[in-house]
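Below you'll find the structure, written out as structure tokens, and then a few comments.
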Amino acid sequence: MTSSPKRSRSSAEGPSGSSPSVISQSESGIREDRGIGLQSEPGRSDQTGVTTLPGITNFIGSLRTLNFHQKSVATSLERLATGKKINRASDDPTGLQAAEQLKFRQTEIEKKLQAFAYDEARLGAIEGGLSVLQDMVLGLDGLVVKGANTGGLGEGELEAIGVEIDSVIDGINQITTNTFFNGEQILVGYRPGLGDLKKMLAEDPEQAQKSVKAAVDDLSKSRAAIGARLKSIEHERKALYAEQEGNAGLLSSIEDTDYAKETAALVRSQILEQATIKAIEIDREQAGRVLDLIASVPNGNRPIGQ
27 MTSSPKRSRS
37 SAEGPSGSSP
47 SVISQSESGI
57 REDRGIGLQS
67 EPGRSDQTGV
77 TTLPGITNFI
87 GSLRTLNFHQ
97 KSVATSLERL
107 ATGKKINRAS
117 DDPTGLQAAE
127 QLKFRQTEIE
137 KKLQAFAYDE
147 ARLGAIEGGL
157 SVLQDMVLGL
167 DGLVVKGANT
177 GGLGEGELEA
187 IGVEIDSVID
197 GINQITTNTF
207 FNGEQILVGY
217 RPGLGDLKKM
227 LAEDPEQAQK
237 SVKAAVDDLS
247 KSRAAIGARL
257 KSIEHERKAL
267 YAEQEGNAGL
277 LSSIEDTDYA
287 KETAALVRSQ
297 ILEQATIKAI
307 EIDREQAGRV
317 LDLIASVPNG
327 NRPIGQ
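Here you go:
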């Protein structure tokens with residue numbers, strides 16, 4: 027009968043003879059006195075029951091911040107070295123796509139300008155040849171008018187006019203056959219149909235004059251058409267130059283480095299980098315002091331979880 031109260035008393039006491047409430051308060055006091063706990067709530071453990079050191083958590087965050095600033099410094103240095111804001115697709119995917127489209131358009135414009143330059147040179151050569159042909163046909167017109175006046179000319183004079191007409195026509199044929207541009211015969215299609223002019227002059231002087239006049243008109247129309255095309259090319263080229271200049275400015279704003287802005291960003295990132303390094307040194311020093319404090323506590327008096 028006397029053993030029952032003893033068992034009841036023993037079960038109500040802890041291992042050291044203290045009540046559970048006393049043990050709990052004592053442990054809580056030790057934790058608070060040691061200053062060991064979570065980042066923002068000292069003296070409390072996390073869900074695993076293991077306390078953490080605020081200095082270590084801050085140290086990891088500072089390392090991440092340092093990595094960010096170091097990348098910013100490297101990016102600024104690269105942009106200043108290359109003169110380009112976009113050095114890889116990850117720098118600005120949208121900007122890169124816009125820049126590539128502008129470059130493609132600039133290539134198209136350059137090819138068109140080259141084609142215009144070639145056309146201008148070719149048409150200029152044709153127009154020059156037609157000018158010579160027109161002068162020669164106008165000379166034929168004078169000979170035909172002179173040869174049509176049969177009443178005032180002798181047989182010898184008419185024969186001389188015929189020889190001169192043949193000579194001019196041979197010259198026209200030579201020019202139309204032997205005028206080339208980049209290996210192309212450019213005047214063959216403009217050859218006047220005056221091969222029978224001498225015979226026509228002898229048989230029907232009036233028709234001969236009409237044929238020569240028609241040849242002069244055809245050459246004039248051809249030259250006018252070439253002139254209109256050259257003028258059109260000039261207008262188109264000016265429009266392309268304006269577009270090319272605008273695209274170049276837009277492309278520069280997308281791709282090229284703003285040296286003043288990037289230099290300021292570099293200085294800022296370098297300052298933040300140095301400040302973060304200093305903060306890491308302070309965090310490491312604080313964490314070391316906490317660990318030294320823990321190491322100095324006897325094993326029997328350390329908080330639960332340490």
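Numbering (our numbering), first residue to last: 27 to 332. Cβ coordinates follow ideal geometry from the N, Cα and C atoms, glycine included.
Buried or exposed (CB count within 10 angstroms, at least 16 for buried), residue i
{"i": "His261", "result": "exposed"}
{"i": "Ser278", "result": "exposed"}
{"i": "Glu299", "result": "buried"}
{"i": "Asp309", "result": "buried"}
{"i": "Val163", "result": "buried"}
{"i": "Gln160", "result": "buried"}
{"i": "Leu89", "result": "exposed"}
{"i": "Lys129", "result": "exposed"}
{"i": "Ile198", "result": "buried"}
{"i": "Leu317", "result": "exposed"}
{"i": "Thr205", "result": "buried"}
{"i": "Leu319", "result": "exposed"}
Own chain, CB closer than 8 Å to residue i, minus 5 neighbours either side, in chain order
{"i": "Pro231", "result": "Val170, Gly173, Ala174 and Thr176"}
{"i": "Asn113", "result": "Glu104 and Arg105"}
{"i": "Gly219", "result": "Ser237 and Ala241"}
{"i": "Gly165", "result": "Val194"}
{"i": "Gln73", "result": "With a pLDDT of 47 at Gln73, under the threshold of 50, the modelled position of this residue cannot be trusted; read the value that follows with caution. Cβ within range, chain order: n/a, list empty."}
{"i": "Ile191", "result": "Leu166, Leu169, Val170, Gly173, Leu223, Lys224 and Leu227"}
{"i": "Thr302", "result": "Ser88, Thr91, Leu92 and His95"}
{"i": "Asp284", "result": "Lys111"}
{"i": "Ala274", "result": "Gln132"}
{"i": "Gly121", "result": "Lys111, Ile112, Ile280 and Glu281"}
DSSP three-state assignment for residue i, whether helix, strand or coil
{"i": "Lys110", "result": "strand"}
{"i": "Asp196", "result": "helix"}
{"i": "Ser88", "result": "helix"}
{"i": "Val171", "result": "helix"}
{"i": "Leu220", "result": "coil"}
{"i": "Asp243", "result": "helix"}
{"i": "Ser157", "result": "helix"}
{"i": "Pro324", "result": "coil"}
{"i": "Gln73", "result": "Here Gln73 scores only 47 on pLDDT, less than 50, and its place in the model should not be relied on; the value that follows carries that caveat. The answer is coil: DSSP assigns Gln73 none of H, G, I, E or B."}
{"i": "Gly180", "result": "coil"}
{"i": "Ser52", "result": "Here the model assigns Ser52 a pLDDT of 38, short of 50, so the residue's position is not dependable and the matter cannot be decided."}
{"i": "Asp309", "result": "helix"}
{"i": "Asp230", "result": "coil"}
{"i": "Asp145", "result": "helix"}
{"i": "Gln132", "result": "helix"}
{"i": "Asp118", "result": "coil"}
{"i": "Leu317", "result": "helix"}
Beta-ladder partner(s) of residue i, from DSSP
{"i": "Phe207", "result": "Glu210"}
{"i": "Asp284", "result": "Its beta-bridge partners do not exist; DSSP assigns none."}
Sequence-distant residues of the same chain with beta carbon closer than 7 Å to residue i, five excluded per side
{"i": "Glu281", "result": "Lys110, Lys111, Ile112 and Ala125"}
{"i": "Gln333", "result": "In the structure displayed, the chain extends from 27 to 332; residue 333 sits before or after that span and is not available."}
{"i": "Ile201", "result": "Gly155, Val158, Leu159 and Leu213"}
{"i": "Leu335", "result": "Residue 335 falls outside the range modelled here, since the chain spans only 27 to 332, and no answer is possible."}
{"i": "Arg255", "result": "Leu149"}
{"i": "Glu146", "result": "Leu256 and Ile259"}
{"i": "Val99", "result": "Leu292, Ser295, Gln296 and Glu299"}
{"i": "Ile187", "result": "Leu169, Lys172 and Gly173"}
{"i": "Gln96", "result": "Glu299"}
{"i": "Ile252", "result": "Leu149, Ile152 and Glu153"}
{"i": "Leu266", "result": "Ile135, Lys138 and Leu139"}
{"i": "Ala250", "result": "none"}
{"i": "Arg263", "result": "Leu139 and Phe142"}
{"i": "Ala305", "result": "Ser88"}
Contacting residues, own chain, Cβ-Cβ under 6 Å from residue i (five flanking each side not counted)
{"i": "Gln235", "result": "Val170"}
{"i": "Glu288", "result": "Ser102, Arg105 and Leu106"}
{"i": "Arg217", "result": "Thr202"}
{"i": "Phe207", "result": "Arg148 and Ala151"}
{"i": "Asp118", "result": "Ile112"}
Any non-hydrogen atom of the ligand GTP within 7 Å of residue i CB
{"i": "Ala228", "result": "The model on display carries no ligand, and the ligand GTP is accordingly not part of it."}
>> I'd like to know if the segment 202 to 218 and the segment 146 to 162 are in contact, where contact means that at least 3 CB-CB pairs between them fall below 8 Å.
In response: Under the Cβ criterion (8 Å, minimum of three pairs), the segment 202 to 218 counts as touching the segment 146 to 162.
> Quick one: any contact between the segment 287 to 297 and the segment 90 to 103, if contact means 3 or more CB pairs under 8 Å?
Replying inline: A contact exists between the segment 287 to 297 and the segment 90 to 103.
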